[in-house]
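Under the working numbering, the first residue of the sequence shown is numbered 10, with each subsequent residue one higher. Below: one structure, written as structure tokens.
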Amino acid sequence: MIVPLLFSQLDEDHIRMITSIKVAELSQILELNEHQIAEMIPKVRALEANRFRFQKQRRRLIKELKILIRSRSKREFLKDKVAEYKELKKEFEKQEERLNNEIERLLTLEQKVKFFIFQEEFENRLRKTIMTIKRRQMPFMHRE
10 MIVPLLFSQL
20 DEDHIRMITS
30 IKVAELSQIL
40 ELNEHQIAEM
50 IPKVRALEAN
60 RFRFQKQRRR
70 LIKELKILIR
80 SRSKREFLKD
90 KVAEYKELKK
100 EFEKQEERLN
110 NEIERLLTLE
120 QKVKFFIFQE
130 EFENRLRKTI
140 MTIKRRQMPF
150 MHRE
């Protein structure tokens with residue numbers, strides 16, 4: 010899953026915009042009925058918010074780990090931070106699975122298949138778009 014990695018490069022406004030686009034495309038591609046739309050929109054938003062929150066906390070922990078390792082902190086501090094990181098990741102994955110299961114329960118078999126395909130294609134498009142933007146912002150870093 011690449012989206013959480015991509016989210017580390019975006020701010021909250023970008024995430025809201027991406028989520029709105031995703032919801033609109035999902036509604037159309039999955040041919041959702043009104044009930045499904047009403048149930049699914051908050052779940053998709055919660056899923057994306059969970060990803061954004063995870064990346065924000067993950068970045069903070071990674072910074073702390075870098076500082077601790079450079080300052081040659083005691084093993085106990087490092088152990089605690091590593092445990093905190095593992096717990097954060099475990100909780101994120103648990104929430105991710107729960108929300109995905111809730112979304113899947115709303116869908117027919119055909120819609121589930123379309124949803125899985127959409128997720129993969131959407132993440133690929135998003136990754137390519139972000140890479141294109143990054144290349145334009147820092148062309149000297151991406152020369153071949």
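By construction, the Cβ of each residue, glycine as well, lies at the ideal position given by its N, Cα and C atoms.
Would DSSP call residue i helix, strand or coil?
| i | result |
| --- | --- |
| L118 | helix |
| M147 | coil |
| L108 | helix |
| R81 | coil |
| K102 | The sequence given here has Glu at residue 102, not Lys. In this structure, E102 counts as helix in the three-state DSSP scheme. |
| N42 | coil |
| D22 | helix |
If we count the other Cβ atoms within 10 Å of its Cβ and call it buried at 16 or more, is residue i buried or exposed?
| i | result |
| --- | --- |
| L39 | buried |
| R145 | exposed |
| Q37 | exposed |
| K52 | buried |
| F124 | buried |
| L41 | buried |
| V32 | buried |
Assuming residue i and residue j form a contact by the criterion Cβ under 8 Å, report the distance between their Cβ atoms to the nearest whole angstrom.
| i | j | result |
| --- | --- | --- |
| L87 | L77 | 6 Å |
| F61 | I24 | 5 Å |
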